[in-house]
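Note that the working numbering numbers the sequence shown so that position 28 is 688, with each residue one more than the last.
Here's the structure we're looking at; comments come further down.
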Amino acid sequence: MAFSVTVDVAKCDGCEECVNNCPVGVFQMKDGKSDPYQADLCEGCETCVSVCPSGAITMKES
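Here it is in structure tokens:
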């Protein structure tokens, strides 16, 4: 099963919670915003969604 992770950069405040909490390293910071540069590694745990204080991350099965 594959998952699609999206970051709304307009909402992202650059807190790095997703970077620090993703168990498989999907995220990196790029220009002060979260970038799911390895989205293909996503296991669908939704940790990033739950730790994002600005609600910038969404996930769906793809």
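The beta-carbon is built from N, C-alpha and C at its ideal position, and this holds for glycine as well.
Exposed unless 16 or more other CB atoms sit within 10 angstroms - verdict on residue i
| i | result |
| --- | --- |
| Glu677 | buried |
| Ala716 | buried |
| Val665 | buried |
| Ser694 | buried |
| Pro696 | buried |
| Val667 | buried |
| Val684 | exposed |
Candidates the options, of which the one nearest residue i by Cα
| i | options | result |
| --- | --- | --- |
| Gly692 | Lys720, Ser722, Lys671, Ala662 | Lys671 |
| Asp673 | Ala662, Pro683, Glu721, Val711 | Val711 |
In DSSP terms, what residue i is bridged to
| i | result |
| --- | --- |
| Gln688 | Asp695 |
Three-state secondary structure assigned by DSSP to residue i
| i | result |
| --- | --- |
| Val669 | coil |
| Ser664 | strand |
| Glu706 | coil |
| Glu676 | coil |
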